[in-house]
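One structure is given below, encoded as structure tokens.
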Amino acid sequence: MTADVGPAELVAGCALVALTAYVLLGGADFGGGVWDLLASGPRRRQQRALVAEAIGPIWEANHVWLIIVVVLLFTCFPAAFARLAVTLHIPLSLMLIGIVLRGSAFTFRSHYGPGREEGGRAAGTTERWGRVFAIASAGTPVLLGLCVGALAGGALPVPGRAGFYATFVAPWLTPFGLGVGVLTLALFAFLAAVYLTVEAQDDDLREDFRRRALYAAAAVFVAAFGTLGLALLGAPLMGRGLTAAPWAPALHAATGAAAVIAIWALWRRRYRLARVATAGQVSLILWGWALAQYPYLIPPDLTIRAAAAPRITLVLVLWALAAGALVLFPSLIYLLRVFKREPARS
Amino acid sequence: MPDLLAARSQMAMSLGFHIIFAMVGIAMPVLMVVAERRWQRTGDRIYLDLAHRWAKGTAILFAVGAVSGTVLSFELGLLWPTFMEHAGPIIGMPFSLEGFAFFTEAIFLGVYLYGWERISPRAHLAAGWAVAASGMLSGVFVVIANAWMNAPTGFRWVDGRAVDVDPIAAMMSPAAFPQVLHMTLAAYAGTGLVVAGIHALPLLRQPRNAFHRRALSVALLIGAPAALLQPLSGDLSARFVAHWQPAKLAAMEGQFRTERGAPLRVGGWPDEAAGETRYALEIPRGLSLLAFKDPGAEVKGLEAFPRQDWPPIAIVHVAFQVMVGLGSFMAVVSAAALWLMGRRLELTRHRWLLRALVLAAPMGFICTEAGWVVTEVGRQPWIVYSLMRTAEAVTPMPGLIVPFLVFTSLYAVLGGVVAWLLYQQVLRSPQATEEDAA
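As given, the protein sequences belong to chains A and B, one line each in that order. Convert by adding 27 to the 1-based position in the first sequence; the result is the number in our numbering. Convert by adding 11 to the 1-based position in the second sequence; the result is the number in our numbering.
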């Protein structure tokens, strides 16, 4: 497992980092939409407003992580990209529709509606765009999870051998895939609720999201163990990797510890600690999947090495990533510093 | 509908939809920051109002551009997996750089749109410039990737595979500079003139409206010079095509026979079966002169190429005529506007100019669509010019008419909503007079 690490493995590692960033940042934006959908109680309106305020300035930047993952995949692992794009055509297309509707509807609502204030002639229209945003936010993570589940399940066929259903539907429409879809949704909602406890300025509102975070933690627990069970039944490679590999106990211990700290911190209202622990827990789940299928990019037959582009492409991309990071990270930090602090009214 | 045609239609529709938003995303930030800068320098609050309103419109257009661009990055594989499998390692480099440029654009657009009251005026203006610069770079990188499909460089093609890949050489394709220049100018010209036209229309009725007068002056400042330079850049592009893609040039011009001293055809309808272009106004030796700078130069006709390597002639020829015709009108109107502005004359006194600007408003977008039809349909039947056929690259997924229709309906609805929202915003334009400026 600690075999030689070349540029292919490094790029794959960068893609995993980008995917982690997408899940922790972009995923939480989708989770925000879930809490818009599930807004309830006397502070329903304030809950929605907090979600909109939290994701407004940053969702487009967070979304770009997904594009980075796709570009790395088709530049550096073109054989894998081609196979995923063929066999997962249907769920990927549905996911794209969700991405388009989520982003457009959010923008239509936030820039043209009466917004947080009540009334206004366009209130009805605004509310309808809010519904589209919320429903698309809830549906898209399930489809993303379905695609990940299909990949992790190790049953993506080489196209051209079997019939339509066997090639284009059966690989992703599995109990394990659905389990990963539900788990993804629960994780995104969990992340969002925890982040929102930090961002809420009002104590009641913070309590609302604290309660929601605890429910979401329970949902993650159920979905994670359910998915592990489905993996043992229907995705033997993943199941074996996650249970029998030498690193498995350590990984599960770390993930479990992060989860316990997250829930304890939520319980004791230590929200910043909860945010760190939750992000750690979600990252560890993601890395567990990556480790379980290493060295395969598309299990059970296409390894990172075998799918890799010529060495010169990999090396140049690594340089581009390093140069890009020099621009990107200071900019991102600036963005978060401007918006994730008290408003400085001039 | 055959699957190949459905895939091409879906790609064409997706690109045709996205390009409008991409153009606006490149040029609108420049208009915003120019208005904001004028406010900071003069204290004229109408410019601040203008920057705010333009930023609001840009926000919605940028968001739709971002999500439709995401769709395209996936569609490269969803529709053309074989192409990406071969071309990904060669042209992935500009896409990677575009990823970072787009990232920067998204970050600073967030800062710009939501940061009016959170950061200093100087930092806010700088964020606007960062959006404008990275928006332009995003476009440059994507067009570089497309240029490679027209003039592939940076590899050797051996037994149907690319070897000796050199991604840097692939970015230096001879098509890169002419295409990048032409598209970048198109973004500023098209966006600048559509904004100018939107503000010229109300000025016909209320020529003293200070808000629209300022908007018009900023829009023309960006759009008119670009529209004026565009014919020169077009000439560069045409000479590239003449040299590197002679079959495309023959289709653009409806040139069926190989001849010396070939005429330039204006209009006309190419009849593929008869092998001639009818009803065109022919300028003797014009094509030889323009394409090769020599009135006696030989121009290869379509007859020089096997029939299965012909692009669809009529579509390419008509699209080219539309682009050149409307582009010339835009250049003339822009020249007139710049001449009046240069002499510090009152634009609003010249109602003919305002009317011409209203007429020219949609032309930049129409030209751009037509230009991409020339580029992309003119490259057919190849996806990588003279190496890989589009038919070889398409996904084996059957029933592609379904995603084509689904995405077309989705985009039709989004396009309608965006148009309606922007129309509502224009209706709410302020009734400022010069006295309000102070």
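For glycine and all other residues, C-beta sits at the position ideal for the given N, C-alpha and C.
Where residue i meets chain A, residues with beta-carbon distance less than 7 angstroms
i	result
G121 (chain B)	P84, I85, E87, A88, L362
M408 (chain B)	V113, H116, F195
S397 (chain B)	Those do not exist, as S397 (chain B) stays about 21 angstroms from chain A at its closest Cβ, beyond 7 angstroms.
P414 (chain B)	S120
S107 (chain B)	V98, T102, V344, A347
Closest residue to residue i among the options (Cα-Cα distance)
i	options	result
S131 (chain A)	B:G426, B:Q436, B:H361, B:D282	B:G426
V310 (chain B)	B:R355, B:L421, B:V142, B:R250	B:R250
A367 (chain B)	B:A346, B:T93, B:W383	B:A346
Q73 (chain A)	A:L205, A:T201, A:R233	A:R233
A17 (chain B)	B:P40, B:A70, B:W91	B:W91
V91 (chain A)	B:I118, B:S20, B:L15, B:M43	B:I118
R136 (chain A)	A:A227, A:A76, A:A262	A:A76
L240 (chain B)	B:L349, B:R360, B:I101	B:L349
I162 (chain A)	A:A107, A:A193, A:V127	A:V127
T269 (chain B)	B:A291, B:L108, B:G307	B:G307
W156 (chain A)	A:H138, A:V97, A:V169, A:L51	A:H138
S358 (chain A)	B:E109, B:A141, B:M341, B:A66	B:A141
V369 (chain B)	B:A230, B:T379, B:A261	B:A230
L365 (chain B)	B:A211, B:W50, B:F188, B:D177	B:A211
Nonlocal neighbours in the same chain, by C-beta distance under 8 angstroms from residue i, ignoring five residues either side
i	result
E144 (chain A)	Because the pLDDT of E144 (chain A) is 44, which lies under 50, any placement of that residue in the model is unreliable, and the question is left without a value.
W86 (chain A)	G53, D56, G130, F133
P373 (chain B)	V205, G208
R167 (chain B)	A173, V174, D175
P184 (chain B)	Checking the sequence shown, residue 184 (chain B) turns out to be Ser, not Pro. Closer than 8 angstroms at the Cβ level, and outside the excluded window around S184 (chain B), lie I155, A158, W159, N161, A162, P163, T164, G165.
L293 (chain A)	V221, T224, R237, A240, L241, A244, A301
Residue i: contacting residues in chain A (beta-carbon distance under 8 angstroms)
i	result
D96 (chain B)	It is Glu, not Asp, that sits at residue 96 (chain B) in the sequence shown. What E96 (chain B) touches in chain A: P105, A106, F108, A109.
M104 (chain B)	T102, T340, L343, V344, A347
L148 (chain B)	Correct list: empty, because the minimum Cβ distance to chain A is about 11 angstroms.
A70 (chain B)	T134, H138
P92 (chain B)	F108, A109, R110, A112, V113
T115 (chain B)	V354, L355, S358
Beta-carbon proximity of residue i to residue j, cut-off 9 angstroms
i	j	result
A330 (chain B)	E283 (chain B)	no
P184 (chain A)	T114 (chain A)	yes
E314 (chain B)	G297 (chain B)	no
P257 (chain B)	G139 (chain B)	no
I117 (chain A)	V196 (chain A)	yes
L72 (chain B)	V385 (chain B)	no
A165 (chain A)	G204 (chain A)	no
V417 (chain B)	S310 (chain A)	no
V153 (chain B)	F106 (chain B)	yes
T419 (chain B)	I31 (chain B)	no
G338 (chain B)	P242 (chain B)	yes
Other residues of its chain near residue i: CB distance less than 7 angstroms, five sequence neighbours each side excluded
i	result
G142 (chain A)	At G142 (chain A), the pLDDT of 42 sits below 50, so the modelled position is not reliable; the number obtained from the coordinates is stated separately. No residues qualify anywhere along the chain.
W393 (chain B)	M399, R400, T401
R372 (chain A)	Here R372 (chain A) scores only 43 on pLDDT, less than 50, and its place in the model is too uncertain to base an answer on.
G126 (chain B)	H135, A138
G83 (chain A)	S137
Chain-ordered neighbours of residue i on chain A, where CB pairs are closer than 9 angstroms
i	result
M22 (chain B)	In chain order: nothing, as chain A lies at least about 13 angstroms away.
Residues that residue i contacts on chain B, provided the C-beta gap is smaller than 7 angstroms
i	result
P410 (chain A)	In this structure chain A extends from 28 to 373, so residue 410 (chain A) is not present and cannot be described.
G351 (chain A)	F111
V388 (chain A)	The structure shown does not extend to residue 388 (chain A), since chain A spans only 28 to 373, so no value can be given for it.
Contact set for residue i: own chain, Cβ-Cβ below 6 angstroms, skip 5 residues either direction
i	result
Y422 (chain B)	F28
A381 (chain B)	A330, V333, M334
L438 (chain B)	none
K259 (chain B)	V252, G389
A443 (chain B)	I57, A221, F222
M34 (chain B)	A198, G201, T202
A66 (chain A)	Q74, R75
M28 (chain A)	Low confidence applies to M28 (chain A): its pLDDT is 46, below 50, so where it sits in the model is not reliable, and the reading given next is rough at best. Excluding positions up to five away in sequence, the list is empty.
Neighbour list for residue i in chain B, Cβ cutoff strictly below 9 angstroms
i	result
Q124 (chain A)	Looking at the sequence provided, one finds Ile at residue 124 (chain A) rather than Gln. Correct list: V82, V417, F418, L421.
V127 (chain A)	V75, V78, S79, T81, V82, F418, L421, Y422, L425
F248 (chain A)	Going along chain B, no residue has its Cβ under 9 angstroms from F248 (chain A), so there is no contact; the nearest lies around 32 angstroms.
G261 (chain A)	Result: empty, since nearest Cβ-Cβ is about 24 angstroms, beyond 9 angstroms.
L37 (chain A)	Correct list: empty, because the minimum Cβ distance to chain B is about 14 angstroms.
I95 (chain A)	S107, G110, F111, F114
Interface partners of residue i on chain D, CB under 7 angstroms
i	result
I31 (chain B)	Going by chain labels, chain D is absent from the structure shown, which instead holds the protein chains A and B.
Proximity test, residue i beta-carbon vs the ligand FMN heavy atom, cut-off 8 angstroms
i	result
S440 (chain B)	Looking for the ligand FMN in the displayed structure turns up nothing, as the structure carries no ligands at all.
Discussion item. List, from N- to C-terminal side, the alpha helix (DSSP H) runs of 4 residues or more that fit wholly inside the region 269 to 339 of chain A.
Written reply: 275 to 294, 298 to 320, 331 to 334
Worksheet item: Considering only residues of the region 71 to 95 of chain A, which uninterrupted alpha helix (DSSP H) runs meet the minimum length of 4 residues and lie entirely inside it, listed in chain order?
Response: 71 to 82
Discussion item. As an exercise, report each continuous alpha helix (DSSP H) stretch of at least 4 residues that is fully enclosed by the region 114 to 178 of chain A, in chain order.
Written reply: 116 to 139
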